[in-house]
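Here the structure is laid out as structure tokens; the discussion comes afterwards.
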Amino acid sequence: MTDQKDQTSRGGQPPLLELVDVSKQFGGVHALQGVSFELRPGEIHGLVGENGAGKSTMMKIIAGVHTDFEGVMKIRGREVRLRSARDALANAIGMVHQELSAIPDLSVAENVFLGSQPTNKLGKVDWAQMNSKARELLKGLGLEINPKRSMGSLPVGIQQLVELSRVLFSGAQVIILDEPTSALSPPEVARLFEVLRKLRDEGRSIIFISHFLDDVLAISDRITVFRNGRKVITEDTVNLDKDAVIAHMIGRGSKDMHMGEDAVLKGDDSKPVVLAVSGVSDGKFLHNFDIELRAGEITGVYGFMGSGQIELARALFGKLKLRKGTVLLDGKPVKFGSTAAARRAGIAFVPENRRMMLFRSEPVFKNVSIAILDRIHRLLLRPKAERGITEAHIKDLSIRPPRPGIALGSLSGGNQQKVALAKWLTHLPRVLILSEPTRGMDVGAKEDVIRIVKSLREKGVAVLVLSTEPETVLTLADRVTVIKKGMAVKEFSTGRIEKSDLLGAA
Amino acid sequence: MSQTEVIAAKGFNAKGFLAEQLRNIAPAFTLVVLVIFFSVASPTFLSLDNGMNILRQMSITGIIAIGLTFVILTAEIDLSVAAVANAVGITVAYFTIQPDYVNIANMPVQGWIAIILALAAALLFGLVTALGMTYVGIPSFIMTLAVMQIANGISAMLVRGQIAYQYPDLITTLGSKTAFTIPLGVDEAGKALFIPIGWTIVVFVIFLIVSHLVLTYTRFGRYVYMVGGNREAAEYSGVNVKLVISAVMVICAVCSGIAGMLGVAYFGSAQQNQFDTFLLDAIAAVVVGGTSLFGGRGGIGNTIIGLLVLGVVNNGLDHIQMDSFQKILIRGLILLAALVINVYAQSLRERQSSKD
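Protein sequences, first through last, are from chains A and B. Read in order, the letters of the first sequence correspond to residues 814 to 1319 in the numbering used here. Read in order, the letters of the second sequence correspond to residues 11 to 366 in the numbering used here.
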């Protein structure tokens, strides 16, 4: 605590934003407890912590989403009480959410000026002015794009910058970025960082929340670490390294975090091929893609966002039609007309966004049993059997809280991901396709998922892991295919490879 | 840590429970209030006889509403229910010998064949709807609007403005005859008192029980709820969503068809447009009962309450001698109130589940 006061005085300037002894409860549970935080003018402040550590809660207090909390919030030394997100914006605090709120069917300019379009005297939207202003704003961020283009036609990284420009246009001095790099490729991250540094140098302050410690360490001037609803430390980034941050985050030293920098591949060509994919195209994202998945092996597919991984996974699971090419399952050609057909053939899939396959308001056990209902029930349901199976998974996967009847939406993200996996574990699939299996997860949950996937390999499942994070692929895979613009451009099957090998190939 | 998690979980559940129960409590509460109100306002309302009246009046609508419950649970809608009921009712009459004075170029066949043909017609309507929705990809709202027109067209062509009066014996029995009577002893004058239970009510109750069992205890029922709860998640879990959607549309069409056959016998005539009010009543019953328009929540229990609320309103307003024009307005207001609760309950639930 004294440490922190020293820093304030050392900084010389009064903080732009300050929280003093802030606490917030949800249903009697402290989500945030006695947290003090200060944001200096012109700094990029990294915020890290495991899921549920309290960083989202604090952000929502600052952004005016949570309005009832204990403690004091000050802006430029003046005590304020925000009543809404709009109120926060009026106080020059803007937030760019992890899940972008852009409207894909509107143009870039319309998205920038959402809700505040410039109008002429008659009250009609002044399109010319709007477009030229938008162009100017985006240029300020180093973006040369046509403001008349539809938002949906742009890559996620650009959409994010457009959102950022919307927040900037509204006059925000404090900009909160929630997991801004999770969907970005390395060049996109580099561009974002450039923009952020520019904004900082103009005197704006940025709160940068992320699970990607490398990114936080690379961009932040200072870092605040949260654990269990409390602030652990605020420290200048120069005095920190990844190990130190992790130690603060989890309260224990972890050597495993070095995993994913390199790997020794152990592809074994004597293992039988379960799924052989050759020359498949979907006419848009996949072009002549080949891959072989072997029993008892984890095959990784690495590539930047939009390289075709998402489409590959869906095509193999019967969600997306293939125009060309053949898929052989155990040597027999297959074509799935529906996801149900793929599931019955023994293909399982966990998509990158867990919301896609989970029923938030249904209990955990119904989420687990939905994929195996036809195996445990002929006609009538047997809820006891469902709960029994779910309880076994809860124990195996250490899902918290350990209650099969609780609504899925009340679980943390990592635990939800485990439930998504549990769907496919009762009756082992022949092929398990995992898209971004550990994205956005805290360290503990990540390790659990890695352990589960590896245990499936031991049981002879052919696992396909698709990711835009080289670490994920290197941590898990026995062999790696690099996908680039829908084609398999490089395959690694044995020997030692490094992150740079993957980045170089993609 | 685990301690706090459990507390958090319980707190969440209590609130979620309340949010969840709003859609069940509100309709039941409405029903009780209405019954009390009409009992006080009219001396003739609260009697066993009148209770049976209400039940009889809602049986046909009820069978349609049961089919519609399946559809609405998957977050779809079927606007063709009344038209399909009408067309199937007319179809069964079309295949039955009519009296000489009925000027319809019909094709009389044996009674059981006529019934099978009519059921096949209902099935066909359901299949066409299902194909249009799943194979072509037409939204149910528009697809069933088209099927409604088609069914009305077929009705019109079959009867050509005439009225048919004869149906297969089985249909006449189920639609208009008494199944059994419940004796209530004798009155002061020594006359035996009894309450007749019509076959229509028996069929309705059987439909209620079977559909409730299907929705609650079968795998298919679970799929219906899960597809309604989150269609994408169901698909990513390997559920054949198109098959489930097709099945509920066919179930709905067949329910409507059976209601149509019983209906023409109940009315004693088969003619165009005689089911027009049933569409709104059936939808209203499902929604007033609290089944979510967004799918995944509600069920047959809710539909029963919804039917009773509408039945009590329709019947009760007659008992207090209200202007029949005001009656229409009041029904509209009740439907509006139900919609408000329905949507409010949904947003309450979503707020509950979007915690942090």
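Glycine included, each C-beta is placed from N, C-alpha and C at the ideal position.
*Measure from the alpha carbon of A:Gly877 to the alpha carbon of each residue in A:Met908, A:Glu1284 and A:Gly884, then state which is nearest.*
Taking only the C-alpha atoms, the option nearest A:Gly877 is A:Met908.
_Quick check on the DSSP output: the alpha helix (DSSP H) that includes B:His329 runs from which residue to which?_
Looking at the DSSP string, the run of the alpha helix (DSSP H) that includes B:His329 is Ile310 to His329.
*Between the stretch 1113 to 1126 of chain A and the stretch 1293 to 1306 of chain A, do at least 3 Cβ pairs fall closer than 8 Å?*
Contact between the stretch 1113 to 1126 of chain A and the stretch 1293 to 1306 of chain A is present, with at least three C-beta pairs closer than 8 Å.
*Ordered along the chain, which non-local residues of its own chain (more than five positions away) have a Cβ less than 6 Å from that of B:Ala97?*
The answer, listed in chain order, is Ala161, Ile164 and Ser165.
*Run through the stretch 246 to 291 of chain B for me and flag every whole alpha helix (DSSP H) of 4 or more residues, listed as ranges in chain order.*
The qualifying runs are 251 to 277.
*asked:* Going by DSSP, what residue range makes up the beta strand (DSSP E) through A:Val1274?
replied: Segment: none, A:Val1274 is in no beta strand (DSSP E) and carries neither H nor E.
*Does the stretch 1237 to 1251 of chain A come close enough to the stretch 1151 to 1164 of chain A to have 3 or more Cβ pairs within less than 8 Å?*
Put simply, the stretch 1237 to 1251 of chain A touches the stretch 1151 to 1164 of chain A. At least three CB pairs are less than 8 Å apart.
*Give the DSSP-derived three-state secondary structure of A:Val1090 in the structure shown.*
If DSSP states are grouped into helix, strand and coil, A:Val1090 belongs with the strands.
*asked:* Tell me the DSSP secondary structure of B:Gly121 in three-state form.
replied: In this structure, DSSP gives B:Gly121 a helical state, which the three-state scheme calls helix.
*Under 8 Å Cβ to Cβ from A:His1071, same chain only, skipping five residues before and after it: list those, please.*
Because the pLDDT at A:His1071 is just 47, under 50, the model does not fix this residue reliably, and the point stays unresolved.
*Starting from A:Asp900 and walking both ways along the alpha helix (DSSP H), at which residues does that stretch end?*
Its alpha helix (DSSP H) spans residues Ala898 to Ala903.
*Does any residue of chain B bring its CB to less than 9 Å from the CB of A:Met1169?*
Using a Cβ-Cβ cut-off of 9 Å, A:Met1169 counts as an interface residue toward chain B, since at least one Cβ of chain B sits closer than that to its own.
*Quick one: Cα of A:Lys1231 to Cα of B:Leu41, how far?*
A:Lys1231 and B:Leu41 have their C-alpha atoms roughly 44 Å apart.
_Listed by chain order, chain B residues near A:Lys1132 by CB distance under 8 Å_ = Those within 8 Å of A:Lys1132 in chain B are Glu245 and Tyr246.
*At 7 Å on the CB atoms, spell out the chain A contacts of B:Asn250, in chain order.*
The contacting residues are Ser1151 and Ala1153.
_7 Å Cβ cut-off: residues of chain B touching A:His1190_ = Neighbours of A:His1190 on chain B, chain order: Arg229.
*Closest Cβ-Cβ distance between A:Lys1179 and chain B: below 9 Å?*
Using beta-carbon distances, A:Lys1179 counts as an interface residue toward chain B, with a partner under 9 Å.
*Name the chain A residues that come within less than 7 Å of B:Glu86, Cβ to Cβ?*
Around B:Glu86, no beta-carbon contact reaches into chain A at under 7 Å, the shortest distance being about 18 Å.
*Touch check for the stretch 991 to 1010 of chain A and the stretch 838 to 853 of chain A: three-plus C-beta pairs under 8 Å?*
No, they do not touch.
_Any contact between the stretch 1133 to 1151 of chain A and the stretch 1272 to 1290 of chain A? By contact I mean 3 or more CB pairs, one from each, below 8 Å._
Segments in contact, no.
*A:Arg979 to A:Thr994, Cα distance in whole Å?*
Those two C-alpha atoms are separated by around 18 Å.
*Positions along the stretch 149 to 160 of chain B whose CB lies within less than 8 Å of some CB in chain A*: Taking a C-beta cut-off of 8 Å against chain A, none of the residues of the stretch 149 to 160 of chain B qualify.
*Span of the beta strand (DSSP E), counted from its first residue to its last, around A:Asp991*: Its beta strand (DSSP E) spans residues Val987 to Asp991.
*If I'm right that B:Cys262 touches B:Leu133 with Cβ under 8 Å, what's the distance once you round it to whole angstroms?*
Rounded to the nearest angstrom, the Cβ distance from B:Cys262 to B:Leu133 is 11 Å, too far for a contact under 8 Å.
*Please determine, among A:Thr1112, A:Lys1267 and A:Lys1312, the residue with the shortest C-alpha to C-alpha distance to A:Asp1082.*
The shortest C-alpha separation from A:Asp1082 is found at A:Thr1112.
*asked:* For the pair the stretch 287 to 296 of chain B and the stretch 106 to 113 of chain B, tell me if three or more CB-CB distances fall below 8 Å.
replied: The stretch 287 to 296 of chain B, when compared against the stretch 106 to 113 of chain B, does not touch it at the 8 Å Cβ threshold.
*Closer than 7 Å by beta-carbon distance: list the chain B residues that pair up with A:Phe1162, in chain order.*
Those are Tyr246, listed as they occur along chain B.
*Going by DSSP, name the residue or residues bridged to A:Met1300.*
A:Met1300 is bridged to A:Lys1297.
*What do you get for A:Glu923, buried or exposed, if any count of 16 or more other CB atoms within 10 angstroms of its CB means buried?*
With 16 or more other Cβ atoms within 10 Å, it is buried.
*Can you tell me the Cα-Cα spacing of A:Val1274 and A:Asp918, whole angstroms?*
Near 41 Å, if we compare the C-alpha coordinates of A:Asp918 and A:Val1274.
_I need the DSSP call for A:Phe926, collapsed to helix, strand or coil._
If DSSP states are grouped into helix, strand and coil, A:Phe926 belongs with coil.
*So the beta strand (DSSP E) B:Phe190 belongs to, where does it begin and stop?*
First-last of the beta strand (DSSP E) with B:Phe190: Thr188 to Val196.
*Is DSSP giving A:Lys887 helix, strand or coil here?*
Looking at A:Lys887 - three-state DSSP - the assignment turns out to be strand.
*Cβ of A:Ala1153 within 9 Å of Cβ of B:Gly248?*
For A:Ala1153 and B:Gly248, yes; Cβs fall inside 9 Å.
*Below 7 Å between beta carbons is the criterion; list the residues of the stretch 1183 to 1207 of chain A that meet it against any residue of chain B, in chain order.*
Against chain B - using a Cβ distance shorter than 7 Å - the residues of the stretch 1183 to 1207 of chain A are Ile1183, Ala1184, Leu1186, Asp1187, His1190, Leu1192, Leu1193 and Leu1194.
*Cβ-based contacts, 7 Å cut-off: residues of the stretch 857 to 885 of chain A near chain B*: Using a CB distance below 7 Å, the part of the stretch 857 to 885 of chain A facing chain B consists of Ser869 and Thr870, ordered along the chain.
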